[in-house]
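Worksheet: the structure to be examined is printed underneath.
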Amino acid sequence: MRVALTLGRLASVKPLTHVHRALNLRPPVLDRGSCLSARTIPSLGTSAITPLGCRSVSHEQKAKDLNQQGVDDALAEFDNALANDEEKQQRTPWHRQGAEEPPVRRQRSAGAMTKGKLLTTPSRLLKLVLPLTTSDHNDDRKNIAPLALLVHPQQPLSYLERLIQAELPRVKTEKGDDRLPSISFRAMEAEGDEIMPKNKTPEEQEEDQRKGPLGEGGVQSYSGAGREGKGEDSGDFVRWSASTEIGDFIRDAARAKEFEVEIEGNPRTIKVAVPSFNDRTFYLRQRLRRISKKIADLAAVKHECDVAAHKSGQRIALGGCGILIGYWYVVYRLTFETDLGWDVMEPVTYLVGMGSIIGGYMWFLYHNREVSYRSAMNLTISRRQSRLYELKGFDPQKWEALIEEANALRREIKAVASEYDVEWDETKDEHDEAVVKALREERKNGNKGKSKKNQDDEDEDD
Numbered sequence: 001m002r003v004a005l006t007l008g009r010l011a012s013v014k015p016l017t018h019v020h021r022a023l024n025l026r027p028p029v030l031d032r033g034s035c036l037s038a039r040t041i042p043s044l045g046t047s048a049i050t051p052l053g054c055r056s057v058s059h060e061q062k063a064k065d066l067n068q069q070g071v072d073d074a075l076a077e078f079d080n081a082l083a084n085d086e087e088k089q090q091r092t093p094w095h096r097q098g099a100e101e102p103p104v105r106r107q108r109s110a111g112a113m114t115k116g117k118l119l120t121t122p123s124r125l126l127k128l129v130l131p132l133t134t135s136d137h138n139d140d141r142k143n144i145a146p147l148a149l150l151v152h153p154q155q156p157l158s159y160l161e162r163l164i165q166a167e168l169p170r171v172k173t174e175k176g177d178d179r180l181p182s183i184s185f186r187a188m189e190a191e192g193d194e195i196m197p198k199n200k201t202p203e204e205q206e207e208d209q210r211k212g213p214l215g216e217g218g219v220q221s222y223s224g225a226g227r228e229g230k231g232e233d234s235g236d237f238v239r240w241s242a243s244t245e246i247g248d249f250i251r252d253a254a255r256a257k258e259f260e261v262e263i264e265g266n267p268r269t270i271k272v273a274v275p276s277f278n279d280r281t282f283y284l285r286q287r288l289r290r291i292s293k294k295i296a297d298l299a300a301v302k303h304e305c306d307v308a309a310h311k312s313g314q315r316i317a318l319g320g321c322g323i324l325i326g327y328w329y330v331v332y333r334l335t336f337e338t339d340l341g342w343d344v345m346e347p348v349t350y351l352v353g354m355g356s357i358i359g360g361y362m363w364f365l366y367h368n369r370e371v372s373y374r375s376a377m378n379l380t381i382s383r384r385q386s387r388l389y390e391l392k393g394f395d396p397q398k399w400e401a402l403i404e405e406a407n408a409l410r411r412e413i414k415a416v417a418s419e420y421d422v423e424w425d426e427t428k429d430e431h432d433e434a435v436v437k438a439l440r441e442e443r444k445n446g447n448k449g450k451s452k453k454n455q456d457d458e459d460e461d462d
């Protein structure tokens, strides 16, 4: 035990370097090469005794080694992190959440556009929106920039095909040449529209088709529902000729909810929702409703002025009748109750009557009117109407323009309704019975004017 305590005290002794520095003496330098090797004391077993100088040098070296090991570990960790970042940057050139996941594992984007749309515009054109993409194997169509095309219903499908081809890259043939990709338009053909062969004579088949319900056999049915249709569509898609008009193609495709645009080189076909009758005529009916409201407001003012003018004309007619009765009474009194007698009154009545006839004839000639009571009454009423219109702020030219525009919109909506084979209730869009009546009267007057003009032209030809 005493030997162990002595060795511990010796190990804890440090060189008195501060004493040597205070005395301006050189501190003792130990010769490391002269350090004695450890001696083993037999009584202490395997314990070794190391000189003091050698023991201080070994502790310093261990501290340096431990410090260097920490630095090496930190550098190695930094190098590993930098290598991982470089690898991620090579996989995805920008940093974002989920960059370490492959694209095929990502969920489809909520804003991804995978179907086309066919919309109507206020200019009565059709706006076709197609999500054109290049050939890829990624189901996640990220931010697709759709292509919008404006077409007219009377243009052929070949025109639409050229517009789409102008936006697509060329494809290479087997010979290495470049050419435009082919495009085809397909619409669903209903199962009931096919003419199935039967073991019957032509007369029997014709009789069955005539007796069969509409939409069966060789007769096609059109609902006009388009994308608003209910239920699942059943049938095969049929490719349509490029010379078909776009309007005819849409009318036939409206029986289903959508049609397909097949592009060569595209991994999948593009489905386009078919507009229904309500979609095709949306802007037309909106304009008709706005015009109908204006017509309804003006119709109330016009009706008030017309009623007042007709009453004024009736009062004038009654006044003329009163004048005639008064004239008869004066002639009667002067002829039978005075000394003038018939000999004097006869030429007077003749001259007054002849003067009235001449004056009336000259009045009709001046106003360029037909000699009739109706024309005189109409002229009187029209003058009164003009004055009342001016007082009430009613513009007849604006009224006629609105009526003509409303009838033109009505004809267009009727034409689309005939294409879709649907019944259109105009009272729902015109809203007011006065508007319906005004439009009907204008159509009648227009038809009468056209028929009269045609008769005049025929008379001139004869």
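Take 1 as the starting number for the sequence shown in full-length UniProt numbering and just add one per residue. Quick reminder that beta carbons are idealized off the backbone N, C-alpha and C, glycines included. Computed from a prediction, not measured in an experiment: that's the story for all the values here.
In the DSSP output, which residue or residues are listed as bridge partners for residue i?
i, result
"T281", "Looking at the DSSP assignment, T281 forms no beta bridge with any residue, so it has no partner."
"R179", "V171"
"I263", "I183"
"W240", "F185"
"K117", "V129 and A273"
"V151", "L126"
"E245", "P156"
"E258", "A273"
Roughly how many whole angstroms lie between the Cα atoms of residue i and residue j?
i, j, result
"E161", "V238", "17 angstroms"
"K257", "S123", "24 angstroms"
"I357", "T338", "27 angstroms"
"D440", "A309", "Correcting the residue identity first, residue 440 is Arg in this sequence and not Asp. If I take the Cα positions, the gap works out to 22 angstroms."
"V272", "W399", "42 angstroms"
"L157", "N407", "31 angstroms"
"K392", "L318", "26 angstroms"
"M345", "V331", "7 angstroms"
"E442", "L365", "29 angstroms"
"N343", "G359", "Note that residue 343 is Asp in the sequence shown here, rather than Asn. Going by the C-alpha atoms only, they are around 25 angstroms apart."
"F336", "V348", "14 angstroms"
"S382", "H303", "13 angstroms"
"A81", "A63", "28 angstroms"
"G313", "D297", "25 angstroms"
"N445", "I413", "21 angstroms"
"A254", "E419", "10 angstroms"
"A22", "Q61", "Interpretation of A22 is limited by its pLDDT of 45, a score under 50 that renders its predicted location unreliable; the figure taken from the coordinates is listed afterwards. So the alpha carbons of these two residues sit roughly 28 angstroms apart."
"N378", "W363", "14 angstroms"
"V301", "E405", "20 angstroms"
"F351", "L388", "Looking at the sequence provided, one finds Leu at residue 351 rather than Phe. Cα to Cα, the separation comes out at about 38 angstroms."
"E370", "Y361", "10 angstroms"
"R268", "Q155", "26 angstroms"
"L284", "Q397", "22 angstroms"
"D432", "T244", "40 angstroms"
"Y327", "T380", "23 angstroms"
"E167", "D72", "59 angstroms"
"N368", "S386", "18 angstroms"
Count the other C-beta atoms from every protein chain shown that fall within 10 angstroms of the C-beta of residue i, then say buried if there are 16 or more, exposed otherwise.
i, result
"S292", "buried"
"A438", "buried"
"E430", "buried"
"R411", "exposed"
"F259", "buried"
"S340", "Per the sequence presented here, residue 340 reads as Leu, with Ser not at that position. With fewer than 16 Cβ atoms within 10 Å of its Cβ, L340 is classed as exposed."
"A376", "buried"
"R315", "exposed"
"A76", "exposed"
"S276", "buried"
"I325", "exposed"
"R384", "buried"
"I164", "buried"
"D79", "exposed"
Check this for me: beta carbons of residue i and residue j, under 8 angstroms apart or not?
i, j, result
"R280", "W240", "no"
"L128", "T120", "no"
"A417", "W424", "yes"
"E262", "S184", "yes"
"P181", "G116", "no"
"P146", "I246", "no"
"V274", "I295", "no"
"P131", "I270", "yes"
"V151", "Y159", "yes"
"E189", "D236", "yes"
"F394", "C321", "no"
"A299", "A434", "yes"
"L288", "L402", "no"
Does the beta carbon of residue i come closer than 8 angstroms to any beta carbon on chain D?
i, result
"I263", "The structure shown contains no chain D, having only a single protein chain."
> In the segment 399 to 440, which residue ranges form an unbroken alpha helix (DSSP H) of at least 4 residues, counting only runs that do not cross its ends?
Replying inline: 426 to 430
> Taking the runs of the alpha helix (DSSP H) that are 4 residues or longer, which of them lie wholly in the UniProt domain "Calcium uniporter protein C-terminal" (283 to 402)?
Replying inline: 341 to 367 and 373 to 392
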